[in-house]
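Asks: A single structure is presented below for examination.
Numbering (the working numbering), first residue to last: 245 to 491.
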């Protein structure tokens, strides 16, 4: 396996798939966390969580680039198996991109320019380097040690209230080049995105608490019809009431 990943003939995502599959511990530190990127590795992380693999994710809130829907999505898929935190140091900026995996007999750090987004993991020109514990044990240990220091002493847990406050204050930033919005491609099977994910998360939480009634209020364009369909998938029978025959 090559150590250099340039985004020309290869992309970071395929390496992450393999590394997550054999990981015994996972640490992810990225300045920005996007819904498009979270969806690409969610299945792998869910499988890792089912194996009992500890998962720690540290991200930032600078310029509101990190999408609340990305965190809602990961929390809905991973639950308590993943600990997600926001960086919190007013003195120092935060712009790292590294994916750290500890395996049974080795370890890997992918470090470079890729945030957790579809563009950065699949089709952008992103330069990353893979450093292994077996070949550079001191460097590997330094990355792990620094991650743990930031995670424990320079961040705070993204709990329900924290995420809700961030989502309420969040405003979609102007798109930067290479970062496509979270929209549905025509050929894709419909999947929830954006505010739909947030609503589905809270509906599921309400049911887990024993509630049997709920109301979702959303603006025009959010996709309430799709949202209702996504929420109804697991039910055998559904009564759908609309204000007109064609919606």
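Ideal placement from N, C-alpha and C gives every residue a C-beta, glycine not left out.
1) When you compare only the Cα positions, how much space is there between residue 393 and residue 412?
2) Residues in the same chain with beta-carbon distance under 8 Å from residue 470, minus the five sequence neighbours each way, listed in chain order, please.
3) Do you know offhand how far residue 289's Cα is from residue 264's?
4) Counting only runs that start and end within the stretch 438-472, where is the alpha helix (DSSP H) found for 4 or more residues in a row?
5) Quick one: Cα of residue 375 to Cα of residue 384, how far?
6) Consult DSSP for residue 426 and reduce its assignment to one of helix, strand or coil.
7) What's the C-alpha gap between residue 519 and residue 404?
8) Given a cut-off of 7 Å on the beta-carbon distance, is the pair residue 325 and residue 293 in contact?
9) Let me confirm a value: residue 409 is counted as buried when at least 16 other C-beta atoms fall within 10 Å, else exposed. Which label applies?
10) Do residue 341 and residue 274 have their C-beta atoms closer together than 7 Å?
11) Among the residues of its own chain, which have a CB less than 6 Å from the CB of residue 354, if the five just before and after it don't count?
12) How is residue 365 classed by DSSP in three states: helix, strand or coil?
13) Who are residue 290's beta bridge partners in DSSP?
14) Per DSSP, which one or two residues make a beta bridge with residue 399?
15) For residue 303, list the residues DSSP reports as bridge partners.
16) Give me, in chain order, the residues of the same chain whose beta-carbon lies closer than 6 Å to that of residue 298; leave out the 5 immediate sequence neighbours on both sides.
17) For residue 453, count neighbouring C-beta atoms within 10 Å of its own C-beta (all shown protein chains included) and say buried if the count is 16 or more, exposed if not.
18) Excluding the five sequence neighbours on either side, which residues of its own chain have a C-beta within less than 6 Å of the C-beta of residue 485, listed in chain order?
19) Rounded to whole angstroms, what is the Cα-Cα separation between residue 312 and residue 365?
20) So residue 462 packs on residue 443, CB below 8 Å; how close in whole Å?
21) Using DSSP with H/G/I as helix, E/B as strand and the rest coil, what is residue 390?
22) What are the residues that DSSP puts in a beta bridge with residue 372?
23) Tell me which residue opens and which closes the alpha helix (DSSP H) that residue 346 is part of.
24) Quickly, what does DSSP pair residue 269 with across the bridge? List them, please.
25) For residue 400, does the count of other Cβ atoms within 10 angstroms reach 16, so buried, or fall short, so exposed?
Replies: Here's the rundown:
1) Whole-angstrom Cα-Cα distance: 29 Å.
2) Closer than 8 Å at the Cβ level, and outside the excluded window around residue 470, lie 434, 436 and 440.
3) Here the C-alpha atom of residue 289 lies approximately 7 Å from the C-alpha atom of residue 264.
4) Here the runs fully enclosed are 439-452.
5) So the alpha carbons of these two residues sit roughly 7 Å apart.
6) Low local confidence applies: a pLDDT of 47 at residue 426 is under 50, so the model's placement there is unreliable, with the coordinate-based value given in what follows. In the three-state DSSP reduction, residue 426 falls in the coil class, being neither helix nor strand.
7) The question about residue 519 has no answer, for the chain in this structure spans 245 to 491.
8) A contact, by the Cβ cut-off of 7 Å.
9) It is exposed - the Cβ of residue 409 has fewer than 16 other Cβ atoms within 10 Å.
10) It is a contact, given that the beta carbons lie within the stated cut-off.
11) Cβ neighbours of residue 354 beyond the five flanking positions: 343, 372 and 374.
12) It is helical.
13) Residue pairing of residue 290 in beta bridges, as defined by DSSP: absent, with no partner found.
14) Answer by DSSP bridge pairing, in chain order: 331.
15) Residue 303 pairs with 274 and 330.
16) 269.
17) Exposed is the call here.
18) Taking residue 485 as the centre and dropping the five residues before and after it, the same chain places no C-beta closer than 6 Å to its C-beta.
19) Spanning the two alpha carbons is a distance of roughly 19 Å.
20) About 7 Å separates the two Cβ atoms, so the contact holds.
21) In the structure shown, residue 390 sits in a helix (DSSP, three-state: H, G or I).
22) Paired residue(s): 249 and 356.
23) Not the alpha helix (DSSP H): residue 346 falls in the beta strand (DSSP E), residues 341-346.
24) Residue 269 is bridged to 346.
25) It counts as exposed.
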